[in-house]
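Scroll down for the structure; my scribbles are underneath it.
Protein chains in written order, with our numbering: chain A, 16 to 129; chain B, 23 to 310.
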């Protein structure tokens, strides 16, 4: 994934970008976790806290088409994120169907450039 | 196990901060069997902040309206007394809940999740109703249930911050679901507290039931709003309301899911719909 990592100033960050590293405040206070897909709210909050630059693993899809490596990195990030959300889920078929549905939805969204 | 009991929490409800007199009067009036539209409109006009909030909720929960309604009277005409009854009740309850400002907890995250669940519950109700006749879901009531489903957490965090901090510490130490940590530390959970508060505040019975059973909907009949609220809660989690390390999807009740005549493609379509309406949560977030 490291080949797609990019450090950008906060002014260039746009919603939909994916964080490459945990963002911490005073070393131990986690602000935003790695693989998070940034929203306008997150960006507002980072600006308010005076964060100057962030590490992302995806290009802004609206500005330029993603490279294959970037797309792959986004897919992996989404997969990790959904796995983490479902880390307490049971193995019963309905829950597994939900997991697959959510993952499909999120991956299709990347495919559509969203 | 903490020495706090559910009885101690419910006995403390009387000490929760009250809402302005107008709001309390309105809530009392709304509990009558017969409510008059003109009188309701007069009552709400005495509290402009409340009227504004009711209008925002009315516009937000009526997705698909060509142009937003601008006054309470217009809203009554367009949406009808039954819908406005629910939405004004929601706004008045919101007014009461805004007085709860827990220290040191993520209040913005709380309301984002609540608002997201409200949107999901309403969309689920409309989807489940489409093409059906007979008894339909009340989508405004579903919306309110979604907005209120976690009020028990808000009460615990506000009135019993020490014990609630223990719950959060337990969740983080064991990386478990909040409801499991509540059972471990307190021996009861936020759904029980919320259900009891809804009864104490004399909210509609189906709302109290939805709040109390949103983590165990299979214990309630299929027609209960608990099942719909349960699915909406899960949908809000998977849609990232809120995002972050502590977003753990609660356990899905297969019984609750199977009671709905929905396919996973329907679920996906609903996710896409809510995704395009994410910004609407902004106007429902009650931290100002």
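Note that the Cβ used here is the ideal one computed from N, Cα and C, for glycine as well.
Rounded to whole angstroms, residue 148 of chain B and residue 286 of chain B show a C-alpha spacing of 16 Å. Secondary structure in the stretch 61-134 of chain B: the alpha helix (DSSP H) runs of 4 residues or longer, each lying completely within the stretch, are 70-82, 94-120 in chain order. Residue 69 of chain A sits away from residue 112 of chain A, with the two beta carbons spaced by 9 Å or more. For a Cβ distance threshold of 9 Å, residue set 197, 270, 271 of chain B lies close to residue 102 of chain A, ordered along the chain.
Chain-ordered, the chain A residues with CB closer than 8 Å to the CB of residue 266 of chain B read 47, 48, 51. For the C-beta of residue 29 of chain A, not a single chain B residue is nearer than 7 Å; the gap to the nearest is close to 15 Å. Counting only Cβ-Cβ distances below 9 Å, residue 116 of chain A has contacts in chain B at 260, 286, 287, 289, 290, 293, in chain order.
Neighbours of residue 105 of chain A across chain B, judged by C-beta separation under 7 Å: 273. The stretch 265-281 of chain B makes contact with the stretch 106-121 of chain A; the number of CB pairs closer than 8 Å reaches 3 or more. Taking residue 222 of chain B as the centre and dropping the five residues before and after it, the same chain places the C-beta of 32, 35 closer than 8 Å to its C-beta, in chain order. With fewer than 16 other Cβ atoms inside 10 Å of its own Cβ, residue 196 of chain B counts as exposed. Residue burial annotation: residue 69 of chain B is buried, with at least 16 other C-beta atoms found within 10 angstroms of its C-beta. Of all residues in the stretch 117-138 of chain B, the ones placed with a Cβ closer than 9 Å to any Cβ belonging to chain A are 130, 134, in chain order. When the Cα atoms are used, residue 55 of chain A and residue 124 of chain A turn out to be separated by approximately 18 Å. Among the bridge pairs identified by DSSP, residue 70 of chain A is matched with A:22.
A check of alpha carbon separations from residue 122 of chain B across B:40, B:59, B:66 identifies B:40 as the nearest.
Comparing alpha carbon positions, the residue from A:96, A:126, A:117 closest to residue 52 of chain A is A:96. The beta carbons of residue 109 of chain B and residue 59 of chain B sit no closer together than 9 Å. The closest CA to that of residue 29 of chain B, considering only B:245, B:296, B:178, is found on B:178.
Cβ neighbours of residue 251 of chain B within its own chain (closer than 7 Å, five residues either side excluded): 143, 167, 168, 171, 232, 236.
Our two residues, residue 297 of chain B and residue 261 of chain B, have alpha carbons roughly 7 Å apart in a direct line. A direct Cα-to-Cα measurement between residue 66 of chain B and residue 60 of chain A gives close to 35 Å. Listed by position along chain A, the residues whose Cβ is nearer than 8 Å to that of residue 276 of chain B are 107, 108, 109, 110.
Judged by DSSP in its simplified three-state form, residue 300 of chain B adopts helix. Sorting B:185, B:254, B:247, B:161 by C-alpha distance to the C-alpha of residue 210 of chain B places B:185 at the top. Of the candidates A:81, A:98, A:36, A:98 places its Cα closest to the Cα of residue 119 of chain A. Pairing residue 213 of chain B with residue 21 of chain A, the inter-Cα distance amounts to about 43 Å. Nearest to residue 253 of chain B by alpha-carbon distance, out of B:141, B:220, B:206, B:81, is B:141. The three-state reading of DSSP puts residue 64 of chain A in coil, since its state is none of H, G, I, E or B. Taking a Cβ-Cβ cut-off of 7 Å, the neighbours of residue 113 of chain A in chain B comprise 274, given in sequence order. No Cβ of chain B is located within less than 9 Å of the beta carbon of residue 63 of chain A.
Following the DSSP letters along the chain, one finds residue 52 of chain A in no alpha helix (DSSP H), marked with neither H nor E.
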